[in-house]
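Visitor: Sharing a structure, written as structure tokens. Questions coming.
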Amino acid sequence: MEDRASLVRVSIFGQEYTVKAPADANYIKDIAEYVDGKMREVQDSLTTAQSSTRIAILAAMNISDELFMLRNEKDHLTSDVENRISSLIELIDENL
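Residue numbers for the sequence shown, in this note's numbering: 1 to 96.
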């Protein structure tokens, strides 16, 4: 089996990492830039200096919050679409 993972060098919060992933290098770099930005947002919002570990945990919580909100929104939209489809099917059945 061929290993399609590539090595990508990224920088997150001043630290260099080599990431091995089966994804496009630009995609991995975009993710790293996003994480770096979130960590910098957390750092900028704090009034006192914090460890990079604490900042990473807070950034991870913020990113997880975004994920949970988007999942919840997707679930609501999916439910709404399913309900509309059911209503349309009922209307079609009634008129056939």
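Built from N, CA and C at the ideal position, the CB exists for glycine as well.
What's the gap between the Cα of Gly-14 and the Cα of Asp-36?
Guide: If I take the Cα positions, the gap works out to 9 Å.
Visitor: Among the residues of its own chain, which have a CB less than 7 Å from the CB of Lys-29, if the five just before and after it don't count?
Guide: For Lys-29, the CB contacts under 7 Å within the same chain, skipping 5 residues up- and downstream, are Val-8, Val-10 in chain order.
Visitor: Taking the continuous alpha helix (DSSP H) assigned at Arg-4, which residues delimit it?
Guide: Neither: Arg-4 is in no alpha helix (DSSP H) and is coded neither H nor E.
Visitor: Pick helix, strand or coil for Gln-50, following the three-state DSSP scheme.
Guide: In the three-state reduction of the DSSP assignment, Gln-50 falls in the coil class.
Visitor: Measuring CA to CA, which of Ile-12, Ser-45, Gln-50 is closest to Ala-32?
Guide: The residue among Ile-12, Ser-45, Gln-50 with its C-alpha nearest the C-alpha of Ala-32 is Ile-12.
Visitor: Count the other CB atoms, across all protein chains shown, that sit within 10 Å of the CB of Val-97; report buried if there are 16 or more and exposed otherwise.
Guide: For residue 97 there is no data in the structure shown, the boundaries of the chain being 1 and 96.
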